[in-house]
Ligand code: SAH
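In this note's numbering, the protein residues as written are 39 to 264.
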């Protein structure tokens, strides 16, 4: 898989995509992530990427031409499955979307900044719009990092124990069961007895029951989708 991320603040993406599971997956060659500084496609001597909005609203808007040019150059190199724009009004990211996108070969993720991007980019160049939730953050970089992380961890080999992605919340439509580690007792707080039983069948039953109970209590909506 290859992910090309277009940004005006590429520094914001460096750390989240260079460490831990995503960083290791890149080093292992499971995924290639290229972060592109849109300013390299900026216009004029000052490399402008934004301009005042028509209609006089406060806030700058990212211009069509630099985005058009960088996407044209990327597309000249390879075919892309999707050009994704991170946007608060996009479809809200969930595990199903991540599962689906993790099977793609080549993705472009476009990060907005300022007041957003010229709407013609969304009409003519973007194929999918994704939100990380019903709130606004300052730029598309952190949303893009969240999306990329959620995809990369699903690539076989990215997690050391592959099955651990399968037992994560949402993967089977349920929240995950609680997890514990040593010591078995701290400060009088005990790990549930069954987990110390060494009986895989009983443990599995307990985990399934917990997953169901927690989903009923915390995300009842998920049960409607099963
Ligand atoms: N004026 C826009 C918000 C701009 S915020 C509006 O009201 O819809 C600047 C950029 O941050 C956006 O272009 C988008 O790329 C990103 N962004 C902000 N909130 C986001 C969210 N919830 N999900 C995905 N991207 C978001």
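Where is the CB? At the ideal position from N, CA and C, for every residue including glycine. Small disclaimer: the values here were computed from a predicted structure and weren't measured.
If contacts are defined as beta-carbon pairs under 8 Å, then residue i and residue j qualify, I think. What distance do you get, rounded to the angstrom?
i           : j           : result
residue 271 : residue 256 : One cannot answer for residue 271 here, as it falls past the ends of the chain, which runs 39 to 264.
residue 140 : residue 192 : 4 Å
residue 100 : residue 134 : With 8 Å as the limit, residue 100 and residue 134 do not qualify as a contact, their Cβ atoms being about 29 Å apart.
residue 177 : residue 50  : 7 Å
residue 153 : residue 91  : 6 Å
residue 126 : residue 174 : 5 Å
residue 98  : residue 182 : In fact, because the Cβ distance is near 19 Å, the residues do not count as touching under 8 Å.
residue 160 : residue 120 : Actually they do not touch by this definition, with Cβ atoms about 13 Å apart.
residue 245 : residue 222 : That belief does not hold up - the Cβ atoms of residue 245 and residue 222 are roughly 17 Å apart, past 8 Å.
Looking at C-alpha atoms only, which residue of the options is the closest neighbour of residue i?
i           : options               : result
residue 115 : 145, 88 and 129       : 145
residue 80  : 182, 72 and 89        : 89
residue 39  : 47, 45, 258 and 195   : 195
residue 109 : 147, 137, 83 and 47   : 147
residue 162 : 235, 103 and 245      : 103
residue 137 : 247, 207 and 118      : 207
residue 202 : 46, 59, 47 and 45     : 59
residue 93  : 167, 156 and 164      : 156
residue 179 : 62, 63 and 75         : 75
residue 122 : 158, 227, 132 and 169 : 169
Could you check the C-alpha separation between residue i and residue j for me, to the nearest Å?
i           : j           : result
residue 209 : residue 130 : 16 Å
residue 238 : residue 217 : 15 Å
residue 68  : residue 41  : 11 Å
residue 111 : residue 242 : 51 Å
residue 229 : residue 250 : 19 Å
residue 44  : residue 105 : 8 Å
residue 83  : residue 77  : 11 Å
residue 260 : residue 253 : 7 Å
residue 164 : residue 73  : 18 Å
residue 71  : residue 171 : 24 Å
residue 66  : residue 220 : 31 Å
residue 85  : residue 96  : 21 Å
residue 64  : residue 113 : 22 Å
residue 225 : residue 118 : 54 Å
In this structure, does DSSP put residue i in helix, strand or coil?
i           : result
residue 157 : helix
residue 79  : helix
residue 230 : coil
residue 224 : strand
residue 116 : coil
residue 135 : helix
residue 72  : strand
residue 128 : strand
residue 105 : helix
residue 205 : coil
residue 169 : strand
residue 266 : In the structure as shown, the chain starts at 39 and stops at 264, and residue 266 therefore has no counterpart that could be examined.
residue 144 : strand
residue 235 : coil
residue 45  : strand
residue 264 : coil
residue 59  : helix
Check: For the stretch 175-189 against the stretch 49-61, are there 3 or more C-beta pairs whose distance is under 8 Å?
Finding: These segments touch.
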